[in-house]
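Numbering (our numbering), first residue to last: 164 to 230. Beta carbons: idealized from backbone N, C-alpha and C, even for Gly. Note that the coordinates shown come from a computational prediction; the quantities given were computed from them, not determined experimentally. Accompanying notes for the structure given below.
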Amino acid sequence: MPWRTAQPYHLRGQRRQWGAMQAWDAFDRLPQIAAPTLVLDGTEDRVIGPGNAELFVPGSIEGHRDA
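Right, here's the structure in full:
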């Protein structure tokens, strides 16, 4: 993506982000969320690629903007 290459890249920041993601594991508790929840993902996210919202909300509609 042109945006990714145009932005400064900080390896230390990416490593810290990756470490934080690896340390946090509550995926199995997500179905317990009872409140309306906004799940966002984006095509320009430099760490988590697009499409991960489908993991959190199975059957979600890509590009749906009902917020």
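C-beta contact flag for PRO194 and ASP204 at 8 Å: no
In this structure, how does DSSP classify GLY182 when only helix, strand and coil are distinguished? It is helical.
May I ask you to report which of helix, strand or coil DSSP gives PRO171? coil
Do you know offhand how far PRO199's Cα is from TRP187's? Rounded to the nearest angstrom, the gap between the Cα atoms of PRO199 and TRP187 is 22 Å.
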